[in-house]
Each structure stands twice: as C-alpha cells, then as structure tokens.
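Peer 1:
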Ligand code: GLU
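Given below as structure tokens:
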C-alpha cells in the first residue's frame, strides 16, 4: 500500500470562504486521521483571475483555522516546487508525450464558435465540443497563423469514445463517456501546456498524491482527468468528492449570500474554533453549538458521518457563529 498523501490545492483567485474551509477541513482530517502527509499546492495558472495578495491570505486563513501542511511553498519538501507557475516545464513535457502519441491537436475555435456549433437542444450537451478542429491543422504553428496575434490556439485532447468509471470514496460509482459528454476537451491555451486539466494530473502524479478530496463541483472533471492519467501512463489517486456549502437558494456560496470570507470572520473577532465547530457539526462530527479545533476532531473523524446533501448556510446558521461556546 502506498503511504497516504493528500493535498490542499487552492487557486489564489480570491478570498477563502466557508465552503472552501469545509472542503479543506475534510481533506485535512481524512489525511491526518490516517497519519498521512499533507501537501499544499498553489494552483495559480488562471492568469487573469489570480490575485497577488491571495496566497498569503490563504495561508493566514488556513493556519488561523488550525490547518497545517507538511510540504508546500512556504515549508519546502522533496516534491517541489509547490506553485504551479513554477512547474510549467513539467506540463510542457506531458503535452509533448500526448503530442507524440497523436492525442492532442490545436484548435482555433472561440467559445462562441463552440456554442453555435451545437445542434443538440439539451442543456447538458450544450458545451460539448463538436470536434471542428480535429484533423484540421498539422501543427501548432499552422493553427497560430489562423488567429489574430493576441489569440493563442488551444490544445485539445482527443477524448476516447468509451465509458470511464471510478469508485468515488464518498459519492459512489460514477461513469461517463467523455467523448459523448464533453467532446475533445481543452488542456491548455498556452505553448507550455499549462492549464488546469493537465496540470492537476501531472502534479498529483508527480507529488505522489494518493487521495484527492475536493468539492463535488469537480466530479464531472474527474473523468477527463482519468483519461489523461491513462494516456500519460500515470496512476490516479483515490478521488473523494464532498458536497458543497450552498446559500438558502441552493446555489453555491456567493457574495449575495453575505460575507462568508474567513478573513471577514477573523476581522469581526469570531474565534476560529466556532467556525471549525460549525463545520464539524455539519459533517456529523460534533453536536451543534460546540467550538473546537481541527486536531480535536482527528480521532473521531469518519467520512461516513458526512451527510450526502450540501450544507445550506441559512441565516440562523450564520448567526450561530456568534454564539457557540
Ligand atoms: N485549484 C482548484 C480550485 O481551487 C482545485 C483543484 C482540485 O482540487 O483538483 O478549484
């Protein structure tokens, strides 16, 4: 059996909110309860949205909550660098492997092109890429010539037309045919192959990650990641997808649901133990109204106690943060 290695992989695109905190707490508990190693990796490839202040704030927020990590940009480790922007040569190498296998092609379609090429009226099919550029260009350079200089072609992966399945550690069995559901998907809009879908696979494999616990909004992305693992000859981790925190309207947490940034709670003087206590209660780990630290939850942690429904952050629950003992 491989030694347990998990990771926290925040994107520094904004402040962490209660929903991020819940997924991170669960990821941390899952690893710590088995004596595993926790890795911190910064996923900063989403260039226009990355905020320079966000990395420090994420570290401050998570440490304030009582979460820690054994490897990461600020503590070092044998699998660094732990910041994606510094790992771009590895993505380029992986992209080369896929190119050599004839599994990627360059694509000049805009988002709008993709949308308007859709014939299917079903909403869930809407963004499926119809394969317009497959077989159209011999090389990346040819594709670039078709575009205005400020636009880069995208690299698309030739999705295999077959069912891909996995057993999620919380959500159960999930199967999808990537070619039917997503079509050939984008790996990167970058000559170095640096985009989320490829980078997350390359990094989790290179860092020896054995378990990926994250929000279930990434469940559909997992099939795309699995076909990449296979194409690159890499071993996938155990995936565990947990429900998100949503507002009273059932939508994922957003500004209109009030200020649920950890920083805002900190500035209001709310103790981190109250936040951890509320999240732990929502995960079935402590009775309602108990304030606690993450390390006090390790011995009681069991993923099977976690409800399968999203946590609805009602006004009453937000208010309770002020009153926990
Ligand atoms: N960096 C991604 C995010 O913050 C998470 C990626 C992952 O867990 O695979 O949404």
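In our numbering, the protein residues as written are 108 to 432.
Here a beta-carbon is modelled for each residue, glycine too, at the ideal position from N, C-alpha and C.
Please list, in chain order, all residues of the same chain as residue 254 whose beta carbon is under 8 Å from its beta carbon, the five residues on each side excluded.
Peer 2: Here the set comprises 215 and 260.
Peer 1: What separation, rounded to the nearest whole angstrom, lies between the Cα atoms of residue 262 and residue 127?
Peer 2: C-alpha separation (whole angstroms): 30 Å.
Peer 1: Just tell me which of 113, 382 and 392 has its CA closest to the CA of residue 176.
Peer 2: When only C-alpha atoms are compared, the closest one is 113.
Peer 1: According to DSSP, is residue 251 helix, strand or coil?
Peer 2: Helix at residue 251.
Peer 1: Pull up the CB-CB distance for residue 174 and residue 401, whole angstroms please, since I reckon it's below 8 Å.
Peer 2: About 6 Å; that satisfies the 8 Å criterion.
Peer 1: Please list, in chain order, all residues of the same chain as residue 268 whose beta carbon is under 8 Å from its beta carbon, the five residues on each side excluded.
Peer 2: Once the five neighbours on either side are set aside, the close Cβ partners of residue 268 are 284, 286 and 287.
Peer 1: Determine the DSSP secondary structure at residue 324, reduced to helix, strand or coil.
Peer 2: Residue 324: helix per DSSP, three-state reduction.
Peer 1: How should residue 411 be labelled, buried or exposed, when 16 other C-beta atoms within 10 angstroms of its C-beta is the threshold for buried?
Peer 2: By the neighbour-count rule (16 or more Cβ atoms within 10 Å), residue 411 is not buried but exposed.
Peer 1: Report the partner residues of residue 295 according to the DSSP bridge assignment.
Peer 2: Looking at the DSSP assignment, residue 295 forms a beta bridge with 262.
Peer 1: Classify residue 290 as helix, strand or coil using the three-state DSSP reduction.
Peer 2: Three-state DSSP puts residue 290 in a strand.
Peer 1: So is the beta-carbon of residue 374 under 7 Å away from any non-hydrogen atom of the ligand GLU?
Peer 2: No, Cβ of residue 374 sits at least 7 Å from all heavy atoms of the ligand GLU.
Peer 1: How is residue 415 classed by DSSP in three states: helix, strand or coil?
Peer 2: Looking at residue 415 - three-state DSSP - the assignment turns out to be coil, as it is neither helix nor strand.
Peer 1: Between 146, 159, 299 and 409, which lies nearest to residue 388 when the distance is taken from Cα to Cα?
Peer 2: Among 146, 159, 299 and 409, the Cα nearest to that of residue 388 belongs to 409.
Peer 1: Give me every residue whose Cβ sits closer than 5 Å to any heavy atom of the ligand GLU, in chain order.
Peer 2: Taken from the N-terminal end onward, the list reads 116, 118, 150, 307 and 321.
Peer 1: According to the Cβ coordinates, are residue 146 and residue 183 closer than 8 Å?
Peer 2: Cβ distance not < 8 Å, so residue 146 and residue 183 don't count as in contact.
Peer 1: By DSSP, does residue 167 sit in helix, in strand, or in coil?
Peer 2: Three-state DSSP puts residue 167 in a helix.
Peer 1: How long is the line joining the alpha carbons of residue 318 and residue 343, rounded to whole angstroms?
Peer 2: Rounded to the nearest angstrom, the two C-alpha atoms are 9 Å apart.
Peer 1: For residue 453, I'd like the list of residues in its chain whose CB is within less than 8 Å of its CB, leaving aside the five on either flank, ordered along the chain.
Peer 2: In the structure as shown, the chain begins at 108 and stops at 432. Residue 453 is therefore absent and cannot be evaluated.
Peer 1: DSSP on residue 334, reduced to helix/strand/coil?
Peer 2: DSSP places residue 334 in helix when its eight states are reduced to three.
Peer 1: Under 6 Å Cβ to Cβ from residue 236, same chain only, skipping five residues before and after it: list those, please.
Peer 2: Same-chain partners within the cutoff: 221, 290 and 291.
Peer 1: Find the nearest neighbour of residue 162 within the set 356, 419, 118 and 125, judged by alpha-carbon distance.
Peer 2: The candidate whose alpha carbon is nearest that of residue 162 is 118.
Peer 1: May I ask which residues mark the beginning and end of the alpha helix (DSSP H) holding residue 206?
Peer 2: From DSSP, the alpha helix (DSSP H) with residue 206 extends over 195-207.
Peer 1: Are residue 152 and residue 405 closer than 8 Å when you measure CB to CB?
Peer 2: No.
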